[in-house]
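One structure is given below, encoded as structure tokens.
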Amino acid sequence: MEDIKYNRILLKLSGEALQGNHSYGIDPEFLSSLAEEIKKVADLNVQLAIVIGGGNIFRGVKGATQGMDRATADYMGMLATVMNALALQDALEKKGLKTRVLSAIEMREIAEPYIRRRAIRHLEKGRVVIFAAGTGNPFFTTDTAAALRAAEINADILLKATKVDGVYTADPMKDKNAVKLDKISYKDVIVKGIKVMDSAAVSLCMENGIPIVVFDVRKPGNLEKVVKGENVGSVVEG
Ligand code: UDP
Numbered sequence: 001m002e003d004i005k006y007n008r009i010l011l012k013l014s015g016e017a018l019q020g021n022h023s024y025g026i027d028p029e030f031l032s033s034l035a036e037e038i039k040k041v042a043d044l045n046v047q048l049a050i051v052i053g054g055g056n057i058f059r060g061v062k063g064a065t066q067g068m069d070r071a072t073a074d075y076m077g078m079l080a081t082v083m084n085a086l087a088l089q090d091a092l093e094k095k096g097l098k099t100r101v102l103s104a105i106e107m108r109e110i111a112e113p114y115i116r117r118r119a120i121r122h123l124e125k126g127r128v129v130i131f132a133a134g135t136g137n138p139f140f141t142t143d144t145a146a147a148l149r150a151a152e153i154n155a156d157i158l159l160k161a162t163k164v165d166g167v168y169t170a171d172p173m174k175d176k177n178a179v180k181l182d183k184i185s186y187k188d189v190i191v192k193g194i195k196v197m198d199s200a201a202v203s204l205c206m207e208n209g210i211p212i213v214v215f216d217v218r219k220p221g222n223l224e225k226v227v228k229g230e231n232v233g234s235v236v237e238g
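Per the UniProt record's numbering, the sequence shown runs over residues 1 to 238.
Here it is as structure tokens:
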């Protein structure tokens with residue numbers, strides 16, 4: 001048995017994680033390599049649930065700034081996450097994994113409805129569970145959905161996959177004086193406005209004692225290292 005630090009994991013993938021080098025939508029090659037990384041972790045016999053975003057297709061805020069009703073735009077955003085969930089399911093099953101998509105908005109023809117106990121049962125049976133449609137409510141984000149689902153399924157950890165290798169004092173893509181923080185408290189993230197996840201998501205994790213690991217998912221092997229408790233990325237806790 002391999003040395004695994006966490007048994008039940010909630011992985012938050014943003015829509016951008018499926019986008020690869022494309023400016024919009026899904027990059028099938030990139031998605032396939034991401035699925036390979038996820039398989040390495042699933043093969044460690046950890047229970048893995050994934051919340052997928054939709055920003056590579058549609059974001060509610062963007063629709064609202066273009067004059068659309070915010071709630072309507074947010075529902076479109078949630079539908080985008082369902083498309084991503086199906087794409088991810090397809091990619092994971094091509095790698096031989098067993099998966100289930102559970103949607104917070106009922107669409108029985110394409111996904112199971114989200115039922116907490118059913119999600120846990122799937123995890124216990126070794127299926128990778130993909131949560132689609134965020135929380136099912138407008139004015140939320142999939143980061144908040146990730147924190148919510150992590151709490152509901154009693155996840156040991158929330159892994160926030162990003163394009164940077166951790167939490168920095170400023171945006172490292174814009175500020176070259178930005179310093180990486182190995183560890184930071186929930187409170188500091190909220191008070192200092194550090195962009196890890198939105199504050200609702202961070203608060204939920206704080207209230208439920210769920211540590212968040214922020215790491216670069218594009219680096220091969222990183223996801224596996226995080227799951228094994230190796231020092232990758234930054235941890236938000238305490
Ligand atoms: N969304 C929502 N409620 C939720 C989750 C998502 O209304 O519980 C909508 C919101 O419009 C958001 C879009 O779905 O902009 C896509 O999700 P998000 O922006 O979180 O995706 P990511 O940034 O992770 O790709």
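Just so you know, even glycine gets a beta-carbon here, dropped at the ideal spot from N, CA and C. Computed from a predicted structure; not experimentally measured.
Residue i Cβ short of 8 angstroms to ligand 1 heavy atom set
i: V196; result: no
i: R59; result: yes
i: G134; result: yes
i: M76; result: yes
i: residue 244; result: Outside the displayed span of the chain (1 to 238) sits residue 244, for which this structure offers no information.
i: A155; result: no
Residue i, DSSP secondary structure in three states
i: I184; result: strand
i: V164; result: coil
i: V179; result: coil
i: F140; result: coil
i: S14; result: coil
i: P28; result: helix
i: T72; result: helix
i: V51; result: strand
i: V227; result: helix
i: V116; result: The displayed chain sequence assigns Arg, not Val, to residue 116. Reduced to three states, the DSSP call for R116 is helix.
i: residue 265; result: Residue 265 falls outside the range modelled here, since the chain spans only 1 to 238, and no answer is possible.
i: V213; result: strand
i: R100; result: strand
i: I9; result: strand
Buried versus exposed, by CB contacts within 10 Å (16 or more), residue i
i: K160; result: buried
i: A71; result: exposed
i: V232; result: buried
i: K5; result: exposed
i: N56; result: buried
i: K125; result: exposed
i: R108; result: exposed
i: D175; result: exposed
i: D43; result: exposed
i: E93; result: exposed
CB of residue i within 9 angstroms of CB of residue j, strictly
i: V82; j: V164; result: no
i: P211; j: I157; result: yes
i: A91; j: L34; result: yes
i: K183; j: E237; result: yes
i: A145; j: V129; result: no
i: A87; j: A73; result: no
i: N208; j: A151; result: yes
i: L10; j: I153; result: yes
Beta carbon proximity, residue i to chain B, threshold 9 angstroms
i: N84; result: This model lacks chain B altogether; it includes just one protein chain.
Closer than 8 angstroms: residue i CB and nearest ligand 3 heavy atom
i: G15; result: Looking for ligand 3 in the displayed structure turns up nothing; the ligands present are ligand 1.
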